[in-house]
Amino acid sequence: ASGNLASQMQRFRPQRAQQALSVLQVVATLSLLVGGGAILRALYFSEITNPGIEVDRVLTAELDLSTVGYDDARAQPVAADILAAARATPGVDGAALAAVVPLTLSSMSLGNISGDGLPPEGLFPETNVVTPGFAGVLGIPLRGRDFDSGDRAESTPVAIINRTLAEQVFGANDPIGRGFSYGDDDDRRQLTVVGVIEDSHTSRVGAEKRGYLLLPLAQQSMNGLNLLLRTSLEPATAAAALSGAFSRIDPNLPSPRVFKLSEQAAIALLPQRLASAVIGVLSAVGLLLVALGLYGLLSQFVHMRVREFGVRQALGAEPASIRSEVRWRGLRLVGVGVLLALPLSFAVLQLCASVFVGVRAFDVPLVGLSALVLVVIAALSCLAPARRAAQISPAAALRSE
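Residues 573 to 973 (this note's numbering) make up the sequence shown, in order.
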């Protein structure tokens, strides 16, 4: 008797370890499913969201004049010549220069906005240095006036702000004609608002709305710029036309590399797509491991209780009750794993919501759907062992001994 008890204990311990492993697999898989679903929701939100910028007919070309020896001051006239040549190119409906190309994961800040009613540390809006025509090229509605030739280095410093920044700084008051202090400790200026643009996504499609500040290139010299074109020309055709213009202005200027803004905006979402793909693969592997783990665990359970199942059927037990017992044993483990995974799943949601726009930190339907997928896969993996247990005959049970 003591030998049989020891044998049973030896078989019992590995089974408990396998049960704990199955529960841990359920916890990890459900968390991955929730995380993958959250990122997919963020991608879908990005796809359906209007970025506030008309990207379809916009081309971009990097224009880094520092590579050919121009400092900020000497770059100004050359940049003006390049812009004029671009606007004169057949097929180009509009052109502008900008330090940062929107929707390409790039951003810049040159200081903070301070003043009464603002946080002690001030506001740190995204900033771009542009030429007249920037809003028009990107199709962003503008109220007030655009920058013009009168906005020179020696004239009153001016700025164009977006609606969000206007509300943050001026509340319900009309910001046009009002001023604010902007810059860092070494270079702070009083800027006068001359225009307000509608909110748009700046660094990438689907990004959270935030304050956006435009400064005129004539008052903020830079040699690292980008040329923006509104045109129906293909990138190769535009590049050939611009290359000739660049050579006439300065033979040392490198040939421009021209890209579609729509493709650059799509590339900016590549990290999310890669994360979604990786988590999707891990989730699939997790589901497979859960299914195989439960199948193996229940198969071992049935093998260990062959005699019991045979005797019970000989005494009149219904096969359906035995099938239910085996299935319930597997689903009970899954249920325990799901309950343990709930806090971790909502923690994953909170993390995703802090990184991606369009994700809800308490997305109960997403967690419920993920749990349902997991339970369905687990239930399917329980079918074969449960059917095998119900088909054990008393004669087979006796022969197994």
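No residue lacks a Cβ here, since even glycine has one placed at the ideal position from N, Cα and C.
Here DSSP, grouped into helix, strand and coil, assigns T703 to coil. Under the DSSP assignment, T803 falls in the beta strand (DSSP E) whose first and last residues are G796 to T803. Here D653 carries a helix assignment [DSSP, helix/strand/coil].
In the structure shown, the three-state DSSP call for T632 is strand.
The beta carbons of G909 and L869 sit no closer together than 9 Å. Between A837 and V627, the beta carbon gap of about 6 Å places them in contact (Cβ cut-off 8 Å). Taken in chain order, the complete alpha helix (DSSP H) segments of 4 or more residues contained in the segment 782-856 are 807-821 and 833-840. Taking a 10 Å sphere around the C-beta of N700, we find 16 or more other C-beta atoms and assign the residue as buried.
Close CB contacts of K832 within its chain, under the 7 Å cut and outside five residues either way in sequence, are with L631 and P807 (chain order). For P729, the closest C-alpha among the options D756, P747 and R760 is that of R760.
Taking C-beta separations shorter than 8 Å and ignoring five residues to either side along the sequence, the partners of S727 in its chain run Q791, following chain order.
By the criterion of at least three beta-carbon pairs nearer than 8 Å, the segment 599-608 is in contact with the segment 847-860. Ranked by Cα distance from R802, the first of V830, L825, G816 and D688 is V830. In this structure, D771 sits near G624, with a CB-CB distance shorter than 9 Å.
Scanning its chain for C-beta atoms nearer than 6 Å, with the 5 sequence neighbours on each side dropped, one finds no residue around R588. A check of alpha carbon separations from V640 across I712, S827, P692 and S893 identifies S827 as the nearest. Runs of beta strand (DSSP E) with 3 or more residues, each lying fully within the segment 703-728, are found at 714-716, listed in chain order. With contact defined as three or more Cβ pairs closer than 8 Å, the segment 703-712 and the segment 666-683 are in contact. Its Cα nearest to that of G716, the residue A731 stands out among A645, A731 and A744.
In the three-state scheme derived from DSSP, where H, G and I count as helix and E and B as strand, G767 is classed as strand. In the DSSP annotation of this structure, V640 is not part of any alpha helix (DSSP H), being labelled neither H nor E. When DSSP states are grouped into helix, strand and coil, A610 belongs to the helix group. Of the candidates Y867, G767 and R782, the residue whose Cα lies closest to the Cα of H773 is R782. Contact check for A614 and L799: beta-carbon distance about 31 Å, past the 8 Å limit, so the pair fails to qualify.
With 16 or more other CB atoms across the displayed protein chains lying within 10 angstroms of its CB, N734 is buried. Each residue's CA atom was taken as its position, placing S753 and P747 some 14 Å apart.
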